[in-house]
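Number 62 in the UniProt record's numbering belongs to position 62 of the sequence shown; there are no gaps in the numbering.
Even for Gly, the Cβ is constructed at its ideal location relative to N, Cα and C.
Treat the numbers as computed from the prediction; the structure is a model and nothing was measured.
Have a look at the structure below, then the notes.
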Amino acid sequence: MILNYIGLSEIKGSLIVLDKVKNASYNEIVEIKLNNGDRRNGKIVKIEDQKIVIQVFEGTQGISLSNTNVELKGVPLELSLSAEILGRTFSGAGKPIDGLGELFPEKKADINGLPINPISRIYPKNYINTGISAIDVLITLIRGQKLPIFSGSGLKHNELAIQIAKQSKITNEGSENFAVIFAAMGVKNDVSEYFKKEFEKSGILQKVVVFLNLSSDPVIERILTPRCALTAAEYLAFELEMHVLVIMTDMTSYAEALREFSSSKGEIPGRKGYPGYLYSDFASLYERAGMIKNKKGSVTQIPILTIPDDDITHPIPDLTGYITEGQIVLDRNMANKNYYPPISILPSLSRLMKDGIGKNYTREDHPELANQLFASYSKVMEARSLASVIGEEDLSELDKLYIKFGNYFEKNFLNQNLNDNRSIGDSLDLGWKLLSLLPISELDRINSDLIKKYYVDKGDSSEKIFERNNSIGLQDNNDDYESF
């Protein structure tokens, strides 16, 4: 039912207040008609008895108390949906901004959605190949998972987001069943142009839906952006039976918009000024990822957030970590060495990867190879720490070997070109080549059958393995490994 009211009782920032309103609903959409004929949109964000508070999307400048007409639409904000959304670019509020005209919807859906009922969920299995060795082998992304990227100001998370969007694919089904939803919140104009150009240049735009909210756009639109993106993802996944990867950047901008919005309503702030419901608000977004019984599609999330002041205990990464199923951590020290992507693997993990890798998924050796690479790299860090105290010359031969293995590992495995799209087989083979630099006695996380199959070439003894340094295609600019 549409209701009309003339006159306002109060204007406060981007909020307007109406008195003596009946039958209003929380999150209901309203249209505001100004005295000069302009029209603006808003939604009801607070109800107290017969008083309602409305957030105006376009701001309140030019709105008068007496001659403003407010029309309550009787419905929440809805997103127009059809298969034609693929290849389109929308604003953060779901309006087309690519110049291709309006969308002719097959249906409309409430953007607020609901978390997936736990009873209806299927445990996520099968992996998504990103073409990035560090992620595919060590922090494997599983369909239906929510796996955030913890970044920092100035790190190359935008480039990583684009690379994941361009290269991600499912391996045992046709590519036509895979789509990417890319939601950018609070980005500057140059970053927005970078995203657009990269998608156009890569030729994958036909399988991507883009939602762009600029830093100059209204704050409330920033809060709507991930909800529009996830609503589109749910439609593609559960009605068109597609596997959908949702990349959301930057959730820090989203949280700051939520803080500003909460403050404008006069709510009592929580930690660092963020609203006390930040955790439940994050959960309402992240829990929309997953798979549902009797549905072939899936929604996988990669939310990206820049950690303020690199403080991992900050409320944004802290609360995100409680809800999500692991994290990919970008490291400033790795970035300073000009490594891309600058992933720090030791604090990174994927809690669901154990059930989506190995035989019948990736390759039989994947789980044990990943465990061994983690274990060996942790020994590298121990050796480097010891070397910083006593000097590398006084290290044992084994510790020196680990340090050189670590250099190889970082420069050849973790580091890769922005356009380097590695298959899972190539990444696993590269891991074995690196482990061939270590004595077999150090490979205590891998069973002997796998070592015989993947580590030792036919005709090679374990001692001769160390003479293969120049033949396995590894690179290092500083060290001579021929003496191994």
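Nearest to I162 by alpha-carbon distance, out of E71, V246, T324, L15, is V246. Contact check for D399 and A375: beta-carbon distance about 15 Å, past the 8 Å limit, so the pair fails to qualify. Around the beta carbon of V180, 16 or more other beta carbons lie within 10 angstroms, which makes this residue buried.
Scanning V299, I292, T140 for the CA closest to the CA of A229 turns up V299.
By the criterion of at least three beta-carbon pairs nearer than 8 Å, the region 140–150 is not in contact with the region 201–215. Taking the Cβ atoms as the reference, I54 lies roughly 6 Å from V30, within the contact range of under 8 Å. Taking a C-beta distance under 8 Å as the contact criterion, P315 and L330 do not qualify as a contact pair. Residue environment analysis places V389 among the exposed positions, since fewer than 16 neighbouring C-beta atoms fall within 10 angstroms of its C-beta. Linking T60 to V17 through their CA atoms gives a straight-line distance of about 11 Å.
The three-state reading of DSSP puts K453 in helix, counting H, G and I together. For the 8 Å CB-CB criterion, I97 and S91 form a contact.
In the DSSP assignment, the residues bridged to V246 are I181, Q301. For L395, no alpha helix (DSSP H) encloses it, and the DSSP letter there is neither H nor E. Collapsing the DSSP output to three states places R88 in coil. Apart from sequence neighbours up to five positions away, the residues of its chain that approach G13 with a beta-carbon distance below 6 Å are S264, ordered along the chain. Counting other Cβ atoms within 10 Å of its Cβ, D136 reaches 16 or more and is therefore classed as buried. Counted as a single uninterrupted DSSP element, the alpha helix (DSSP H) harbouring M334 occupies residues 332–336. With respect to the 8 Å criterion, Y127 and I357 are classified as neighbours on the basis of their beta carbons. Burial is judged here by how many other beta carbons sit within 10 angstroms of a residue's own beta carbon; R39 has fewer than 16 and is exposed. In the DSSP annotation of this structure, the continuous segment of the alpha helix (DSSP H) that includes I323 starts and ends at 315–323.
In the three-state reduction of the DSSP assignment, I312 falls in the coil class, being assigned neither a helical nor a strand state.
As the crow flies, the alpha-carbon of K296 is around 20 Å from that of A109. Cβ-Cβ distances below 6 Å link A183 to F211, T225, P226, A229, M248 in the same chain, with the five nearest sequence neighbours on each side left out; the list follows chain order.
By the neighbour-count definition (other C-beta atoms within 10 Å, threshold 16), I119 is an exposed residue. With a contact defined as Cβ atoms closer than 8 Å, I446 and I302 miss out at about 29 Å. Under a 10 Å Cβ-count criterion, S133 is classified as buried, with 16 or more other Cβ atoms of the shown protein chains found around its own Cβ. By the CB criterion at 8 Å, M242 and N294 fall outside the cutoff. In this chain, the alpha helix (DSSP H) harbouring V219 covers 219–238. Excluding the 5 residues flanking it on each side, S66 has same chain C-beta neighbours closer than 6 Å at G7, in chain order. Here S448 is exposed: its Cβ has fewer than 16 other Cβ atoms, across all protein chains shown, within 10 Å.
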